[in-house]
Structure formats: C-alpha cells, structure tokens
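Asker: Numbering (UniProt numbering), first residue to last: 1 to 462.
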C-alpha cells in the first residue's frame, strides 16, 4: 500500500502508528471523534486526560508491505519512506537560498537617503482614466508577480474550479471562488490576482470573520480593502461577507473545532482554527444596494457563500519575513540568522499550520488552495537575494515582506502595500475574547504565555 503527503503538506493526512495500547495502523485526513474517544492512548496531567492518538504525517511518499505472522497470529508490516525523485522538488524541500548576505556595495543601495512619503507616492502612482501609469519597479518584484499570476491561473482556470460540472456556468450569481480576507497585504494581493484571472462574469466573495463586530481591526481593514478593490475593478461583483461571531455562544462549536485541530492542542491553535472554520463557512452578512443605483443606500442582509474553493495566503509570511520573530532573529543574527529562521518556518509549516488549516476549512465542504505555496513561486523567491525579499532595517509595514509590497503597488493596491502584519487571531479579536474567557484578562493571559498553553480535555471550554 502506498500513501503520502505533498512536499509542503498543503493537504492534511494524520496517522496512528501501532503501539502497545492500540495495535491499529490508521490513516485519516481528519481526527474522527469516535476513534479518539475509544482510544486508550492518553497523556495525563494533573489528573486530566489529554488525547494523544494522532500524529501529523510528515511530508513524503511511503509504502507499507503487510504480511501475516503465524507465530504471532497477526499482520506484520514494514513502512518505508521514499526519496523524492523529481530533482527540482528535492532542491525545493531543502529550502536553500543562494544569496543570503549582501556585499557592502549592495548594502549601500538598500539604505534610502530619505524615508519616502508612502501616501504621496501612492497618490502619484494611481491609475488615471487612460489606464495604469508606467512606473519603475524592481525586476525581482516583476518576477514574483509573474510567478504569482501563473500560480493563480493554475488554481482558478475553468477546468480547475468546475471539474465535471455540467450546469449553466454563465448564470449571474455564480461565485466559484472565495478568499479568506482580512484586507491585509496578502489577501489583497490574492484578490487583485484573482480578479485578473477569473472571468468578469463571476463574482468574488471576500470572507471576513470578526469577534468584535465592526470594531475588529480585520473588519476595518477589510472594508477599506473592498473600496480599493472596487476602485481597481469597478465592474467586478465583490461581496464582503461579514461573519460575526460571539465566542461565549460557541461552546459546542468550540469542541467540534478542537477535534478538527487535533493533534494541535494549544489555545493559539484553537483560536486560529475557530476563526478559519467560521470564516470558511461563509455564513454572514453582506451590504446590498437598495433603491436607485446612484443613491448609495445599503441594507445589511443575510448571505451564505456557495464558493467551494477558498484561497488562503499561507506561506507569504514564512517566505517573505512577515513575522515579528523574523525581525528579532535579524537583529540578533543578521542575515544568516534571518535566513535560518525562515528556513525553519518553511520546513515545519506542514506541522504547525497547513494540516490544521486544511482540516478546519475542509470541514465546511471547501477546498483550500495556497497560491503562495506553489512550487514555482517558492523557487522564484529562493532565487532572489534575501535583501531584495525583505529589509528589516526599515519599519514595520515597509521592510517586512518588502517584495510583496512592491508586487501590491504593481497591482495598483497602494494602501494595502503599506499595511503591517496582523495575525488572524488578533485581527479578528478572537485571541482577546479567548484570553478573557479562559484566563480572566489579556494581562493574565500574557503572563501565562496563553498562546502556547496546552488545552487538557474539553471541560474548561464550556
């Protein structure tokens, strides 16, 4: 029997290896609650049982040969992990960059003599009625944009989004693809690229989750992002789907998401999983225009996205130095330290992020697709000198993910190009609500390093 997981772990696959407590060999894309509850394989801490049944299968191709043992009256199997045979793939999984440290002459060109006024530049570069102005952009950013366009095309062509569908695809309200949308840099780039690749007759749903109504940072930036997208593509039917959530009323849902994120088991995993699961469900509100077309009067109406494909920005931060810890590593270990931290992030993204995210999204009947994790995009970014990808001497919102900010400007989304990184658990405000619920306050949660605290059992989730 052969089984495996793609080189970067974009799809979930869990394994239970036989042990003394449970001799079964099991593979599953998700942790079935029944099998977990029936298992006797538990950790115990302070008298509270903690499920420890499934493992994330590490990336690779495996085979198992199974035979019977007369002596032990059971089946015996040997599992082998096979090397990738594609030479390009073998190089990609090593995640090795040729140009890590700039030479003094190259470093000189990285330091601007004067910090530019980003907003004034944005205004000067905005497209006019005669079409986009031709602006001077770095060649590396152009290369990345080409790779991202091709990645988006692979994931959104007619055959990729309508496999074996025979219904009328030209009906007015068809929305085949949605985007996990915060209005931040990554999701705005995905939206602008999708607009270029998707037929004009199709609408695009922008799924945004908030645990603080209209006040959550991600809701505010999503509304601003919608306006910018409407500016660059006024004929597209954009729908910002506002998914409003109240953590105090989601007890059963929280327990369900706990089973989805398993074997991940920290409060941070639960917060991210909960936000993804609710957003992917696409059950929220949209603003619809009422009355005359030019009156700009809107009403908020219920709406559920029917898109079966969900574009997600995973991989952008890992590859382009978008996390705060990247700046910390750069300050303590310079370019080599930064490169090693980014390499570590990419080589463990299958375990820390992608399996969990895929399970939470797939539970809603949606398929997550990751344009930033396309093999050609990864290879393109690795071929570019690290100092062209990021310049962490510059402030947040400028030097982090520098190359993606240049891509955003080329796409005409200038305001998004200046936005700082904000993780979904903070932007949606679920982390704040979870901290208050489980630790009493944000301060107490911070003192306890709440994000890394392991959840033991589900009794404290009620």
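We treat Cβ as the ideally placed atom computed from N, Cα and C, and that holds for glycine. Predicted model only: the values in this text are computed from it and were never measured.
For the beta strand (DSSP E) that residue 208 lies in, which residues bound it at each end?
Answerer: Run containing residue 208: 204-210, per the beta strand (DSSP E) assignment.
Asker: Give, in chain order, every unbroken run of the beta strand (DSSP E) that is at least 3 residues long and sits entirely within the region 364-448.
Answerer: The region 364-448 contains these whole beta strand (DSSP E) runs: 367-369.
Asker: Just how far apart, CA to CA, sit residue 440 and residue 450?
Answerer: About 11 angstroms.
Asker: Can you name, in chain order, every residue of its own chain whose Cβ lies under 7 angstroms from the Cβ of residue 156, other than the five neighbours on each side?
Answerer: Cβ within range, chain order: 177, 194, 197 and 198.
Asker: Assuming the contact rule is C-beta atoms closer than 8 angstroms, residue 266 and residue 452 should be a hit. Round their C-beta distance to whole Å, please.
Answerer: Correct: roughly 6 angstroms between the Cβ atoms.
Asker: Per the DSSP calculation, residue 244 is bridged to which residue(s)?
Answerer: Note: residue 244 sits in a beta bridge opposite 210.
Asker: Return the CA-CA distance between residue 456 and residue 264, expressed in angstroms with no decimal places.
Answerer: One C-alpha to the other measures close to 12 angstroms.
Asker: What does the Cβ neighbour count give for residue 400, buried or exposed, with the cut at 16 atoms within 10 Å?
Answerer: Burial call: buried.
Asker: By Cβ distance below 7 angstroms, which residues in the same chain neighbour residue 164 in space, the five residues on each side in sequence not counted?
Answerer: For residue 164, the predicted model reports a pLDDT of 43, less than 50, meaning its position is unreliable; a value from the coordinates is still stated below. If we look at residue 164 and ignore the five residues flanking it on each side, it has no Cβ neighbours.
Asker: Among 390, 203, 369 and 364, whose alpha-carbon lies nearest the alpha-carbon of residue 314?
Answerer: Cα-wise, what sits closest to residue 314 is 369.
Asker: With distances taken between CB atoms, is the gap from residue 339 to residue 10 smaller than 8 angstroms?
Answerer: In this structure, residue 10 does not lie closer than 8 angstroms to residue 339 by Cβ.
Asker: Taking only three categories from DSSP, how would you classify residue 251?
Answerer: In the structure shown, residue 251 sits in a helix (DSSP, three-state: H, G or I).
Asker: Between which two residues does the alpha helix (DSSP H) containing residue 159 stretch?
Answerer: From DSSP, the alpha helix (DSSP H) with residue 159 extends over 158-161.
Asker: If we ignore side chains and look at the alpha-carbon of each, how far apart do residue 352 and residue 290 end up?
Answerer: Approximately 45 angstroms, taken between the alpha carbons.
Asker: Going by DSSP, name the residue or residues bridged to residue 480.
Answerer: With the chain covering 1 to 462 only, the question about residue 480 has no answer from this structure.
Asker: Contact defined as beta carbons within less than 8 angstroms: I believe residue 82 pairs with residue 63. What is the distance between those atoms, to the nearest angstrom?
Answerer: That belief holds up - the Cβ atoms of residue 82 and residue 63 are roughly 7 angstroms apart, short of 8 angstroms.
Asker: With H, G and I counted as helix, E and B as strand and the rest as coil, what does DSSP make of residue 350?
Answerer: Residue 350 falls in the helix class under three-state DSSP.
Asker: Give me the Cα-Cα distance between residue 1 and residue 269, rounded to the nearest whole angstrom.
Answerer: So the alpha carbons of these two residues sit roughly 32 angstroms apart.
Asker: Round the Cβ separation of residue 311 and residue 371 to the nearest angstrom and send it over; I've been treating them as touching at under 8 angstroms.
Answerer: About 6 angstroms; that satisfies the 8 angstroms criterion.
Asker: What's the gap between the Cα of residue 261 and the Cα of residue 210?
Answerer: Approximately 20 angstroms, taken between the alpha carbons.
Asker: Taking the continuous beta strand (DSSP E) assigned at residue 4, which residues delimit it?
Answerer: Residue 4 -> beta strand (DSSP E) spans 2-5.
Asker: Strictly by DSSP, which residues pair up with residue 266?
Answerer: In the DSSP output, where bridge partners are listed per residue, residue 266 has 454.
Asker: What is the rounded straight-line gap between the Cα of residue 140 and the Cα of residue 378?
Answerer: Between residue 140 and residue 378, the C-alpha separation is close to 13 angstroms.
Asker: Note down the Cα distance separating residue 375 from residue 297, rounded to an integer number of angstroms.
Answerer: Each residue's Cα considered, the two are about 45 angstroms apart.
Asker: Please indicate yes or no: does the CB of residue 420 lie closer than 7 angstroms to some heavy atom of the ligand ZN?
Answerer: The model depicted lacks the ligand ZN and carries no ligand whatsoever.
Asker: Can residue 321 and residue 381 be called in contact, C-beta distance under 8 angstroms?
Answerer: Not a contact, by the Cβ cut-off of 8 angstroms.
Asker: What are the residues that DSSP puts in a beta bridge with residue 55?
Answerer: DSSP output for residue 55 lists 15 as bridge partner(s).
Asker: Starting from the C-beta of residue 131, find all residues in its chain whose C-beta is less than 6 angstroms away, skip the five residues before and the five after it, and write them out in chain order.
Answerer: Per-residue confidence for residue 131 stands at a pLDDT of 42, beneath the threshold of 50, marking its modelled position as unreliable; the derived number appears in the next sentence. Closer than 6 angstroms at the Cβ level, and outside the excluded window around residue 131, lies no residue.
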